[in-house]
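Taken in order, these protein sequences are the chains called A and B. With full-length UniProt numbering, letter number 27 in the first sequence gets 27, and the count goes up by one each step, no holes. With full-length UniProt numbering, letter number 109 in the second sequence gets 109, and the count goes up by one each step, no holes.
2 protein chains.
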Amino acid sequence: MEKVRFGIIGIGNMGTSHALSLSRHIQGAELTAVCDANPDRLRWAEEKLPDTVLKFSDAEDFYASEAMDAVLIATPHYDHPPLAVQAFRHGYHVLVEKPAGVYTKAVREMNVAAAGTGRMFGIMYNQRTNPLYQKLRDLVLSGELGEVRRMNWIITNWYRSQSYYDSGGWRATWAGEGGGVLLNQDPHQLDLWQWTTGMMPVRIRAFCQFGKYRNIEVEDDVTAYAEYENGATGVFITTTGEAPGTNRFEVTGDRGKIVAEDGKLTFWRLRTPEPEFNATYKGGFGSPECWTCEIPVAGGDGSQHRGILQNFTNAILYGEKLLAPGEEGILGLTLSNAMHLSTWTDDWVSLPLNEQLYADMLNERIRHSSFRKNDGGSVVLDVSGSH
Amino acid sequence: MEKVRFGIIGIGNMGTSHALSLSRHIQGAELTAVCDANPDRLRWAEEKLPDTVLKFSDAEDFYASEAMDAVLIATPHYDHPPLAVQAFRHGYHVLVEKPAGVYTKAVREMNVAAAGTGRMFGIMYNQRTNPLYQKLRDLVLSGELGEVRRMNWIITNWYRSQSYYDSGGWRATWAGEGGGVLLNQDPHQLDLWQWTTGMMPVRIRAFCQFGKYRNIEVEDDVTAYAEYENGATGVFITTTGEAPGTNRFEVTGDRGKIVAEDGKLTFWRLRTPEPEFNATYKGGFGSPECWTCEIPVAGGDGSQHRGILQNFTNAILYGEKLLAPGEEGILGLTLSNAMHLSTWTDDWVSLPLNEQLYADMLNERIRHSSFRKNDGGSVVLDVSGSH
Numbered sequence: 001m002e003k004v005r006f007g008i009i010g011i012g013n014m015g016t017s018h019a020l021s022l023s024r025h026i027q028g029a030e031l032t033a034v035c036d037a038n039p040d041r042l043r044w045a046e047e048k049l050p051d052t053v054l055k056f057s058d059a060e061d062f063y064a065s066e067a068m069d070a071v072l073i074a075t076p077h078y079d080h081p082p083l084a085v086q087a088f089r090h091g092y093h094v095l096v097e098k099p100a101g102v103y104t105k106a107v108r109e110m111n112v113a114a115a116g117t118g119r120m121f122g123i124m125y126n127q128r129t130n131p132l133y134q135k136l137r138d139l140v141l142s143g144e145l146g147e148v149r150r151m152n153w154i155i156t157n158w159y160r161s162q163s164y165y166d167s168g169g170w171r172a173t174w175a176g177e178g179g180g181v182l183l184n185q186d187p188h189q190l191d192l193w194q195w196t197t198g199m200m201p202v203r204i205r206a207f208c209q210f211g212k213y214r215n216i217e218v219e220d221d222v223t224a225y226a227e228y229e230n231g232a233t234g235v236f237i238t239t240t241g242e243a244p245g246t247n248r249f250e251v252t253g254d255r256g257k258i259v260a261e262d263g264k265l266t267f268w269r270l271r272t273p274e275p276e277f278n279a280t281y282k283g284g285f286g287s288p289e290c291w292t293c294e295i296p297v298a299g300g301d302g303s304q305h306r307g308i309l310q311n312f313t314n315a316i317l318y319g320e321k322l323l324a325p326g327e328e329g330i331l332g333l334t335l336s337n338a339m340h341l342s343t344w345t346d347d348w349v350s351l352p353l354n355e356q357l358y359a360d361m362l363n364e365r366i367r368h369s370s371f372r373k374n375d376g377g378s379v380v381l382d383v384s385g386s387h
Numbered sequence: 001m002e003k004v005r006f007g008i009i010g011i012g013n014m015g016t017s018h019a020l021s022l023s024r025h026i027q028g029a030e031l032t033a034v035c036d037a038n039p040d041r042l043r044w045a046e047e048k049l050p051d052t053v054l055k056f057s058d059a060e061d062f063y064a065s066e067a068m069d070a071v072l073i074a075t076p077h078y079d080h081p082p083l084a085v086q087a088f089r090h091g092y093h094v095l096v097e098k099p100a101g102v103y104t105k106a107v108r109e110m111n112v113a114a115a116g117t118g119r120m121f122g123i124m125y126n127q128r129t130n131p132l133y134q135k136l137r138d139l140v141l142s143g144e145l146g147e148v149r150r151m152n153w154i155i156t157n158w159y160r161s162q163s164y165y166d167s168g169g170w171r172a173t174w175a176g177e178g179g180g181v182l183l184n185q186d187p188h189q190l191d192l193w194q195w196t197t198g199m200m201p202v203r204i205r206a207f208c209q210f211g212k213y214r215n216i217e218v219e220d221d222v223t224a225y226a227e228y229e230n231g232a233t234g235v236f237i238t239t240t241g242e243a244p245g246t247n248r249f250e251v252t253g254d255r256g257k258i259v260a261e262d263g264k265l266t267f268w269r270l271r272t273p274e275p276e277f278n279a280t281y282k283g284g285f286g287s288p289e290c291w292t293c294e295i296p297v298a299g300g301d302g303s304q305h306r307g308i309l310q311n312f313t314n315a316i317l318y319g320e321k322l323l324a325p326g327e328e329g330i331l332g333l334t335l336s337n338a339m340h341l342s343t344w345t346d347d348w349v350s351l352p353l354n355e356q357l358y359a360d361m362l363n364e365r366i367r368h369s370s371f372r373k374n375d376g377g378s379v380v381l382d383v384s385g386s387h
């Protein structure tokens, strides 16, 4: 194979952006087909994409066409798993937009469908290309920070106005997105939280507030507390209602603490690991000698969406290792599902999650939803500044 | 009255420091008596304090002496309320060290005893003299920040080694202190949390870990979540087990956010209050214009213990307003008691607190304590750098 032929299903906000990237910027990739049920989006494709790109309004026809080697799924979240399962059945490689899906039960079925196909399976976790989080992961996984003790992520700079929510009828509804800030804005942070530390909690207690700041039915404000097998704890705080908000991720360990904020990584490194100091110190109020270290981080946000597209293409062409394997999409989603479930049951949620219970309780919310927004129609927003 | 005559009961760590301050630094104050049951401490008093200072080994004799106008109570925490009640009965003014006590039921009795005596009642919340928190309170209470939405205090820089805990048999035991980091290190922050914002929660869900990092029976690691009547939420994270730790207090409101960290106050101020922006904005991803404002704060930590001593003295002599009225000691302690109770019951705790239940559950822990430390004897630590 000289070039990977890509078909995109879903050319709304993100799919449009990926279509243009694939046509212009990704070496070894070629856009050969798009599919969207919305006539407006197909008209856009007719006008803006080359004639060589086939246009489909029906997913069955799209999959049957064999016009591509790889399918990029950029539809609304709920459709990711079933469309991926279908793609694997047709023998395509699959790159799925984030989140992997809305509830882990469906995502688990997607992972099962992927297993043993010999096809590449990736997820658009473009923040994994960000040098800041790559370096943080390096410091934690290489043991520089020692055993992790506490993680505290305040990620409240996802400001969204009511007009944003009104720009699409599916937005911020149980039926349309299956959640709010956790499903739409935070999937990257929920992924990075466990990717940079290599740790998943054993249980979670979370406090979601639904429609607190906006006229929506899903969560727009969350505080979650997590406990880990090694005794570490974590806090994750997020909202779309605050401005300017904060994005500050602090990780502490036996050897000090690291803070990722404002694109910078600072490592307060203990000369002696804390447990060693404690075991030998005989005084009153002393503490271990600490060095403030500015950690060098490559500039910019990394290669982002194009980086993931290029990596996925290279994986197919040359066997390059995937930066964001699709199977890992379930991890961040598990955190998000657990936060909902803990709020709904007003109780702890232990992992592994009771996935059937979550699916049932989500369905209940969809069935009983009487929510109608002042729908401004499905407007395609300019997401060039989005993640 | 030209001078306020002070008697100090309890001349251990803090009492010693106050005795020296009163003798040397406080205008209009005079140290006339001390009381301590420990012969070592009385020997110290004989050697280091003027002969004019009466020394008592028995509280009854001390109170009966009428050798003072005001009593400063610097004994272990449990004794604060009963000793204060006794002092009020004798007609003395009372300045009590922090915390006000160990459980709010007893502290409420102290407040009742104070009411209507016409005597001054103060508490050693010396951090209220800190210009940083005074300015924060000013910005919040004057309305500059708008309606408060979120408070997030990471106060993990209270590092204490095992040798610290071993320096006193009473330290970090249910019977001796009635708690750990919440009772000994955090009373200032628990006070400032509600004093700077003027807000007490309606309910709390907390996660204390007991003896996690040290060989102690009380909590040395806490994450607490709080909800407020106006919908605001708060998180309070503390430990004595981390180095170097963090002291970062973030408060967000309708008009932006304020962060107090490293002795600096930064106010990210929105040009238009967020609710107003949201009501009129019609675009997609926009957010309110935000100005980063460095707020001027007077240098240093303020007048601290001496400031409280001076203010209390002036209140008696000239009717100066108390910066830290004793009756307010119950507020921070309520937060701390609620955090314990929520952990013990593994459930929400609504305020007002069930004070009898808390007292019962605390007593249970004292009765069932089988904890014996490697007691290094009761060493008097140098607390000159302590708060």
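Heads up, the beta-carbon is just placed ideally off N, CA and C, and yes, glycines get one too.
Taking the C-beta atoms as reference points, Tyr-165 of chain A is found nearer than 7 Å to Ile-216 of chain A. At a beta-carbon threshold of 8 Å, the residues of chain A lying near Ile-154 of chain B are Asn-152 and Glu-250, ordered along the chain. Within the stretch 189-216 of chain A, those residues whose Cβ lies closer than 9 Å to any Cβ of chain B are, in chain order, Arg-205, Phe-207, Gln-209, Lys-212, Tyr-213 and Arg-214. In this structure Arg-41 of chain A touches Gly-12 of chain A by the C-beta definition: roughly 7 Å separates them, less than 8 Å.
In this structure, DSSP gives Ala-19 of chain A a helical state, which the three-state scheme calls helix.
For the pair Thr-196 of chain A and Arg-137 of chain A, the CB atoms are nearer than the 7 Å cut-off. Glu-289 of chain A sits away from Arg-306 of chain A, with the two beta carbons spaced by 7 Å or more.
For Lys-321 of chain A, there are no neighbours in chain B by C-beta distance under 7 Å, as the nearest C-beta there is about 33 Å away. Lys-212 of chain A and Gly-231 of chain B do touch by the CB rule: their CB atoms are close to 7 Å apart, below 8 Å.
The beta carbon of Thr-173 of chain B does not come within 7 Å of any beta carbon belonging to chain A, so the residue lies off that interface. For Ala-206 of chain B, the enclosing beta strand (DSSP E) begins and ends at 203-210. Runs of the beta strand (DSSP E) lying entirely within the stretch 238-293 of chain A and spanning at least 3 residues, in chain order: 247-253, 256-261 and 264-270. Judged by DSSP secondary structure, Thr-32 of chain A falls within the beta strand (DSSP E) whose first and last residues are 29-35. Relative to Gly-91 of chain A, the option among A:Ser-142, A:Arg-203 and A:Ala-70 whose CA is nearest is A:Ala-70.
Under the three-pair Cβ rule at 8 Å, the stretch 317-328 of chain B does not count as touching the stretch 337-350 of chain B. Under the three-state reduction of DSSP output, Pro-325 of chain B falls in the strand class. The alpha carbon of Met-14 of chain B has as its nearest neighbour, out of B:Asp-51, B:Leu-95 and B:Pro-39, the alpha carbon of B:Leu-95. Close CB contacts of Gln-86 of chain A within its chain, under the 8 Å cut and outside five residues either way in sequence, are with Ala-59 and Tyr-63 (chain order). Non-local beta-carbon contacts of Leu-132 of chain A in its own chain, meaning distances under 7 Å to residues more than five positions away in sequence, involve Ala-260, Gly-263, Leu-265 and Val-297 in chain order. A residue is called buried once 16 or more other Cβ atoms fall within 10 Å of its Cβ, and Glu-364 of chain B, having fewer, is exposed.
With a cutoff of 7 Å on beta-carbon distance, Glu-219 of chain A and Thr-252 of chain B are scored as not near each other.
Judged by DSSP in its simplified three-state form, Ser-350 of chain A adopts strand. Cβ atoms of Pro-81 of chain B and Gly-101 of chain B come within 8 Å of each other, at about 4 Å. Between the alpha carbons of Glu-177 of chain B and Pro-99 of chain B lies a distance of about 10 Å. Residues of chain B whose Cβ lies closer than 9 Å to the Cβ of Thr-233 of chain A are, in chain order, Phe-207, Gln-209, Asp-221, Thr-223 and Ile-237. The count of Cβ pairs closer than 8 Å, one atom from the stretch 148-164 of chain B and one from the stretch 273-287 of chain A, reaches three, so the stretches are in contact. In the three-state scheme derived from DSSP, where H, G and I count as helix and E and B as strand, Tyr-78 of chain B is classed as helix.
Here Asp-186 of chain B has Thr-238 as same chain residues with Cβ atoms under 6 Å from its own Cβ, once five neighbours each way along the sequence are excluded. DSSP places His-305 of chain A within a helical segment (H, G or I) once states are collapsed to three. Beta-bridge partners assigned by DSSP to Ala-226 of chain B: B:Ile-204 and B:Gly-234. The Cβ neighbour count for Glu-227 of chain A, taken over all protein chains shown within 10 Å, is at least 16; the residue is labelled buried. If you draw a straight line from the Cα of Ala-315 of chain B to the Cα of Asn-111 of chain B, it is about 18 Å long. A direct Cα-to-Cα measurement between Glu-46 of chain A and Ala-37 of chain A gives close to 14 Å. For His-188 of chain B, the enclosing alpha helix (DSSP H) covers residues 187-197.
Short of 6 Å from the beta carbon of Arg-214 of chain B, and not among the five residues preceding or following it, lie these beta carbons of its own chain, in chain order: Gln-162, Tyr-165 and Asp-220. Note on Thr-104 of chain A: 16 or more other CB atoms within 10 angstroms of its CB, so buried under the neighbour-count rule.
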